[in-house]
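Take the sequence shown: its position 252, counted from the start at 1, is 251 in numbering that gives the first Met the number 0, and no numbers get skipped.
All C-beta atoms, glycine included, are put in the ideal place defined by N, C-alpha and C.
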Amino acid sequence: MQRIVLKSETDWEGWRQAARALVLTGVEPDALTWAVGGKTAPLPDATGSFHVPRALVSLASQAIQARDAERFGLLYSLVWRVNAGEKLLEDNSDPDLSLARRMALTVRADAHRMRTNMRFLAVPEDGGTRFLGWFEPAHFVLQANAQLIVRRFPDLTLSIVTPDGAAHWDGTSLLFGSGLRHAEDDEALQAWWERHRDTLLEQATEDVSVPEAEAVDEAPRSPDLPALGSVVLHATPDRAVLRSAREASACRRCPLYEPATQVVFGEGPADASVMFVGEQPGDQEDVIGRPFVGPAGQMMDRAMEEAGIDRRTVYVTNAVKHFKFTPRGKRRIHQTPEVPEIQACRFWLDVERTHVRPRFLVAMGGSAARSLLGRAVTIGRERGRPIQMPDGQTVFVTVHPSFLLRVPDEAAKAREYAAFVRDLKAIRALMTAD
Ligand code: SF4
């Protein structure tokens, strides 16, 4: 039995070279064992070449990132059989091919989760900022996806930390080094980073053998979910807000927690002077775990930009923290929360208001206005004028951005959008008034 040792769990180049040499010298899959790390033995001398279909190369480059010890041998056996003339890729019933495809599928799902779910903390460093991301991958997806993320943010200094290792980007080179087994919370991650930063960066090295990032990026994306562009940079979240967000994830005050994927708490600076309140997380927010990242959030971002409001300076949340929906086939159709649900979740909105203490609250839509004002509100009648709360905070009512998405007529849509931007401009004027 011949033992092939690869340098790392994602030693794509090492596996390719070994597979090529072994196929060319006629070493059968059953005569091999594969291992990672340790003493390597020289590969057999091989001359010549053979053709591997692109689809199989792409499949292997993804499946090799699966956290499964059998993957190297499995992928080698596929290459071996294709080289022997089998029309393997046309045989959907082949168990080995199915297994490799399942591996690739779970890797793609994990990569997608990494690229859409990861949050970055802004950590001061050498007069600048390093963005520190934490992710616990199910598979070995760090290397290939770090390439994609730094392409998205080429000018930033950032580190992506996982239990398998960490990737560091300083604007010119991408290096890989040791990771952190477990990060209890953002505070623990930041403390670990500050304690070990110099050693971690000193020991980090280039890794030229990782699977091609393009191969991972070829993964079909769910049309419902934003891709890499949704990785958002955040200021370090306030500890008290984070603690409350964790507590809310165990909330059972109303039945909405049950079918939803997760609680979606608000986010933004804890000293924000304005808090925007929407109705509830939507389908994408429910999956991603962050407020206003779906189509309505993108509409809101656009309007805020036009009004001169930097979203990073405001706190954004919802009146109801779990997604209410009705399943329809594979789709989940939004359902407006009932008054008792809004009232039950007012507890968490009050918790956020206590932490953030905004001067102005913006109720976007009827549910948010009902939550904040404790009564039914006709948006058309009350929008745009300040409404005083008993505790001294001022509420402004406007439409929910999802309303703009639903206006069927293009001219009416443009009018409603302009009115929304006007409301936001009025709020911005107040934000900057003193
Ligand atoms: S919607 Fe609000 S009140 Fe209801 S379970 Fe979720 S967090 Fe609790």
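At which residues does the beta strand (DSSP E) containing M274 begin and terminate? Here the question's residue 274 lines up with position 275 in the sequence shown. Where M274 is concerned, the enclosing beta strand (DSSP E) stretches over V273 to G277.
Residue burial classification, H111 (beta-carbon count within 10 angstroms, cutoff 16): In the sequence shown, counting from the first residue as 1, residue 111 sits at position 112. That one is buried.
Please indicate yes or no: does the CB of H321 lie closer than 6 Å to some heavy atom of ligand 1? By one-based count along the sequence shown, residue 321 stands at place 322. Under cutoff, so the answer is yes.
Residue range of the beta strand (DSSP E) that includes G176: Indexing the sequence shown from 1 puts residue 176 at position 177. Unbroken beta strand (DSSP E) run through G176: L173 to G176.
Rounded to whole angstroms, what is the Cα-Cα separation between P43 and T24? Counting from 1 along the sequence shown, the entry for residue 43 is found at position 44. Counting from 1 along the sequence shown, the entry for residue 24 is found at position 25. Cα to Cα, the separation comes out at about 7 Å.
Identify every run of the alpha helix (DSSP H) within the region 307-369, keeping only runs that are complete inside it and at least 4 residues long; order them along the chain. 338-355
7 Å Cβ shell around V106 - same chain, five flanking residues per side excluded: Here residue 106 refers to the residue found at position 107 of the sequence shown. Q61, A62, Q64, A65, H138 and V140.
For H167, report the span of its beta strand (DSSP E) as first-last. Taking the sequence shown and counting its residues from 1, one reaches residue 167 at position 168. That run of the beta strand (DSSP E) goes G164 to W168.
Just how far apart, CA to CA, sit G281 and M274? Taking the sequence shown and counting its residues from 1, the one referred to as residue 281 is at position 282. Taking the sequence shown and counting its residues from 1, the one referred to as residue 274 is at position 275. C-alpha separation (whole angstroms): 19 Å.
Nearest-angstrom beta carbon gap, M0 and T39 [assumed within contact, 8 Å]: For the purposes of this step, residue 39 is identified with residue 40 of the sequence shown, where counting begins at 1. For the purposes of this step, residue 0 is identified with residue 1 of the sequence shown, where counting begins at 1. Not confirmed; about 16 Å, so no contact.
Considering only the beta carbon of each residue, do A343 and C253 sit closer than 7 Å? To locate residue 343, count along the sequence shown from 1; it is residue 344. To locate residue 253, count along the sequence shown from 1; it is residue 254. Yes, the pair counts as a contact, with Cβ atoms nearer than the cut-off.
If you scan the region 21-73 from start to end, which runs of the alpha helix (DSSP H) of 4 or more residues do you find wholly inside it? Correct list: 53-62.
Please state if the CB of R380 and the CB of V396 are separated by a distance shorter than 7 Å. The count along the sequence shown starts at 1 and reaches residue 396 at position 397. The count along the sequence shown starts at 1 and reaches residue 380 at position 381. No, they are not a contact pair.
Nearest-angstrom Cα distance between G228 and R2? In the sequence shown, residue 228 corresponds to position 229, counting from 1. In the sequence shown, residue 2 corresponds to position 3, counting from 1. Note that G228 has pLDDT 32, beneath the 50 cutoff, so the model's placement of it is unreliable and the number below is only indicative. Spanning the two alpha carbons is a distance of roughly 42 Å.
Using 6 Å as the cut-off, classify the Cβ of A343 as near or not near the heavy atoms of ligand 1, replying yes or no. Locating residue 343 in the sequence shown gives position 344, counting from the first residue. Yes, the beta carbon of A343 sits closer than 6 Å to at least one heavy atom of ligand 1.
Exposure label - H399; buried when at least 16 CB within 10 Å: Here residue 399 corresponds to residue number 400 of the sequence shown, with the count starting at 1. Residue environment analysis places H399 among the buried positions, since at least 16 neighbouring C-beta atoms fall within 10 angstroms of its C-beta.
Among A425, A428, H354 and T377, which has the Cα closest to the Cα of G365? Taking the first residue of the sequence shown as position 1, residue 365 is located at position 366. When each option's Cα is compared against that of G365, the closest is T377.
Please classify N91 as buried or exposed, where buried requires at least 16 other C-beta atoms within 10 Å of its C-beta. Translated into the one-based positions of the sequence shown, residue 91 becomes position 92. Result: exposed.
With DSSP run on the structure shown, which of helix, strand or coil describes P290? In the sequence shown, counting from the first residue as 1, residue 290 sits at position 291. P290 falls in the coil class under three-state DSSP.
With burial defined as no fewer than 16 other Cβ atoms inside 10 Å of the residue's Cβ, what is the status of S158: buried or exposed? Numbered from 1 along the sequence shown, position 159 holds the residue referred to as residue 158. Answer is buried; the Cβ neighbour count reaches 16.
List the endpoints of the continuous beta strand (DSSP E) containing G132. Taking the sequence shown and counting its residues from 1, one reaches residue 132 at position 133. G127 to W133 is the extent of the beta strand (DSSP E) around G132.
Where R220 falls: helix, strand or coil (DSSP): As a first step, residue 220 must be located in the sequence shown, where it is residue number 221. With a pLDDT of 31 at R220, under the threshold of 50, the modelled position of this residue cannot be trusted, and the question is left open.
Return helix, strand or coil for V149, following the three-state DSSP convention. Position 150 of the sequence shown holds residue 149. If DSSP states are grouped into helix, strand and coil, V149 belongs with the helices.
Around the Cβ of R101, are there at least 16 other Cβ atoms within 10 angstroms (buried) or fewer (exposed)? Here residue 101 is taken as the residue at index 102 of the sequence shown, counted from 1. R101 should be labelled exposed.
With 16 other CB atoms within 10 Å as the buried threshold, where does K86 fall? Within the sequence shown, numbered from 1, the residue matching residue 86 stands at position 87. K86 sits exposed, since fewer than 16 C-beta atoms from the chains shown fall within 10 Å of its C-beta.
Continuous beta strand (DSSP E) stretch holding A121: start and end: Stepping through the sequence shown from its first residue, residue 121 is reached at position 122. Its beta strand (DSSP E) spans residues F119 to E124.
For the region 329-348 against the region 302-318, do three or more pairs of beta-carbon atoms, one drawn from each stretch, fall closer than 8 Å, so that the two count as touching? Yes, the region 329-348 touches the region 302-318.
From P136, D109, Y75 and K6, residue whose alpha carbon lies closest to that of R180: What you label residue 180 is simply residue 181 of the sequence shown in a count that begins at 1. Looking at the Cα atoms, P136 is the closest of the given residues.
Grab me the residues of A54's own chain with a C-beta within less than 8 Å of its C-beta, minus the 5 sequence neighbours each way, in chain order. As a working mapping, residue 54 is identified with position 55 in the sequence shown. Within the same chain, A54 has close Cβ partners L88.
Distance, Cα to Cα, A375 vs V420? Sequence index remark: in the sequence shown, residue 375 carries index 376 (1-based). Sequence index remark: in the sequence shown, residue 420 carries index 421 (1-based). A375 and V420: Cα-Cα distance of roughly 24 Å.
May I ask which residues mark the beginning and end of the beta strand (DSSP E) holding T397? On the sequence shown, residue 397 is found 398 positions in, with the first residue counted as 1. Element bounds for T397: T393 to T397.
Would you list the residues sitting across from V160 in a DSSP beta bridge? What you label residue 160 is simply residue 161 of the sequence shown in a count that begins at 1. Answer is W133 and A165.
Could you tell me the alpha carbon to alpha carbon distance between R289 and Q261, rounded to whole angstroms? The count along the sequence shown starts at 1 and reaches residue 289 at position 290. The count along the sequence shown starts at 1 and reaches residue 261 at position 262. Across the structure, R289 and Q261 are spaced so that their CA atoms are roughly 10 Å apart.
For L5, which beta-bridge partners are listed by DSSP? To locate residue 5, count along the sequence shown from 1; it is residue 6. Its beta-bridge partners are V35.
By how many angstroms is the C-alpha of R194 removed from the C-alpha of T325? The residue given as residue 325 occupies position 326 in the sequence shown. The residue given as residue 194 occupies position 195 in the sequence shown. Going by the C-alpha atoms only, they are around 48 Å apart.
Assuming T156 and G170 form a contact by the criterion Cβ under 8 Å, report the distance between their Cβ atoms to the nearest whole angstrom. Stepping through the sequence shown from its first residue, residue 156 is reached at position 157. Stepping through the sequence shown from its first residue, residue 170 is reached at position 171. Contact holds; Cβ gap of about 6 Å.
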